[in-house]
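If you're matching positions, the sequence shown starts at 18 in the numbering used here and goes up one per residue.
Notes for the one structure printed next.
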Amino acid sequence: MMADTRLRDKLASKDFFVVPGIHDMITAVIADRVGFDIVYGTGYWLTASAYGMPDAGLVTYTQMLDRHATILKTSKAALIADADTGFGGLLNVQHTVRGYEAAGVSAIQIEDQEFPKKCGHTPGRRVIPIEDMVEKIKVAAEARDNMLIIARTDARQSEGMDAVLRRLEAYAKAGADILFPEAMESEEEMRTACATFDKPVMANMANGGSTPILKGDVLSDIGYAFAIYPSLSSLIAASAIEQAFTRLKTQGDGEPADMPMFNFKEFCGLIGFQEVWDFEKRWAR
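Written out as structure tokens, the structure is:
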């Protein structure tokens, strides 16, 4: 399989860019329609949408790999994929990296939480010793061919900002290509993280989380290489669905005029029915 260089090319350009979170295959094809060429496979929301469970280390490597592989089959975009802690110890990290790259993932994200992990914007997160994470990054870097390695630290909550910088410096030296300081609590902290490192630093714009949600031009000025928006589509969709279902239950209204609704014929085209119709037209007997 030819390596997808779009993420590398964007990083090399030094131009800030935004990356939407994908929680299912409908969001994947909509991201294509809008024109995104890089998307983010979010662990929290893929877990919630596929299995109805919290992002608490309950989903397996095999389950998550299947979701990412399906995104890659559905979408034309390059994929940044959440791999939690690597799903275990060093051998698991090696296996995870090789599996993700074989599926076509462009960048794999590995974090320094204890296993099982928790969502980066929920309480009670605990991180492993820095030396253990350094080994994970070294194993990941050795196991990959062309895939980029994203090293995430969740140390801000339990160890403070100095530990975040110390950890990311060690992870960069171990072979991480992109640095991910999770759950920064102020613009000042965000600027400090970006100013400290020569390697690309990514921002997590998680709606409702610990980090301020800033406009793209501000994030660019701060020094971020790019930002992910893991919860944007999920929370907006959940709110709209709840509103529509409430209207249906209370009023029996199955087509509320004041709510946006995708045109069904357009959606059929979006999801690939035109290819089916073209095939049937050609081969119908």
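From the three backbone atoms N, C-alpha and C, an ideal C-beta is built for every residue, glycine too.
Short Cβ contact (8 Å threshold) for residue i with residue j
i: residue 192; j: residue 244; result: no
i: residue 94; j: residue 125; result: no
i: residue 194; j: residue 166; result: yes
i: residue 223; j: residue 241; result: no
i: residue 121; j: residue 110; result: no
i: residue 84; j: residue 58; result: yes
i: residue 38; j: residue 231; result: no
i: residue 171; j: residue 142; result: yes
i: residue 276; j: residue 291; result: no
i: residue 164; j: residue 209; result: no
Distance, residue j Cα to residue i Cα
i: residue 279; j: residue 254; result: 12 Å
i: residue 148; j: residue 265; result: 55 Å
i: residue 269; j: residue 252; result: 24 Å
i: residue 187; j: residue 151; result: 7 Å
i: residue 89; j: residue 168; result: 22 Å
i: residue 107; j: residue 156; result: 7 Å
i: residue 137; j: residue 25; result: The predicted model places residue 137 with a pLDDT of 48, which falls under 50 and marks its position as unreliable; any figure quoted below should be read in that light. Computed Cα separation, rounded: 25 Å.
i: residue 288; j: residue 295; result: 14 Å
i: residue 198; j: residue 205; result: 13 Å
i: residue 229; j: residue 263; result: 31 Å
i: residue 144; j: residue 42; result: 32 Å
i: residue 181; j: residue 297; result: 57 Å
i: residue 233; j: residue 62; result: 22 Å
i: residue 36; j: residue 86; result: 18 Å
i: residue 326; j: residue 67; result: Nothing about residue 326 can be read from this structure; the chain reaches only from 18 to 302.
Own chain partners of residue i with C-beta closer than 7 Å, once the 5 adjacent residues on each side are dropped
i: residue 214; result: 185, 189 and 196
Same chain, Cβ closer than 6 Å to residue i, neighbours up to 5 away in sequence not counted
i: residue 207; result: 201 and 239
i: residue 49; result: 92 and 93
Per DSSP, the bridge partner or partners of residue i
i: residue 195; result: 167
i: residue 37; result: 246
i: residue 221; result: 245
i: residue 306; result: With the chain covering only 18 through 302, there is no way to say anything about residue 306.
i: residue 144; result: 130
8 Å Cβ shell around residue i - same chain, five flanking residues per side excluded
i: residue 271; result: 265
### Query
Are three or more beta carbon pairs between the stretch 74-85 and the stretch 108-125 nearer than 8 Å?
The stretch 74-85, when compared against the stretch 108-125, does touch it at the 8 Å Cβ threshold.
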